[in-house]
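According to numbering that gives the first Met the number 0, the sequence shown holds residues 0 to 75 in order.
Ideal placement from N, C-alpha and C gives every residue a C-beta, glycine not left out.
Since the structure comes first, as structure tokens, the remarks are kept for the end.
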Amino acid sequence: MMHLWAVTWICQRDHSRGVLQMSGPDRPSSEQAAQAVARALNLEPQLATQTDDAAGSQAASLLDRLGYTLIVRKTA
0 MMHLWAVTWI CQRDHSRGVL QMSGPDRPSS EQAAQAVARA LNLEPQLATQ
50 TDDAAGSQAA SLLDRLGYTL IVRKTA
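Right, dumping it as structure tokens:
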């Protein structure tokens, strides 16, 4: 069964925020959510990635350094 997940990001530095939706049968991992947010914010060029697994971890680390908090909630 597919579910919709809302990933909210909040930046502590500039107080910006936004929401994107992801779909899937299971809750996205923090790395998957971070990678989707980094993509949405055009931060991917700052990631030196070799594999998808490393990309999610690097995205989470980058967002943390930039002051972002991510919240993942089930919407449907």
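Pairing Gln20 with Ala58 gives a Cβ-Cβ distance that is not under 7 Å. Within the stretch 10–74, the runs of alpha helix (DSSP H) that reach at least 4 residues and sit entirely inside it are, in chain order, 29–39, 51–64.
Exclusion of the five residues before and after Ala5 leaves Val18, Gln20, Arg72, Thr74 as the residues of its chain whose Cβ lies within less than 7 Å of its Cβ. Taken atom to atom, the span from the alpha-carbon of Gly55 to that of Val36 is near 10 Å. A straight line joining the alpha-carbon of Arg26 with that of Ser60 spans about 20 Å.
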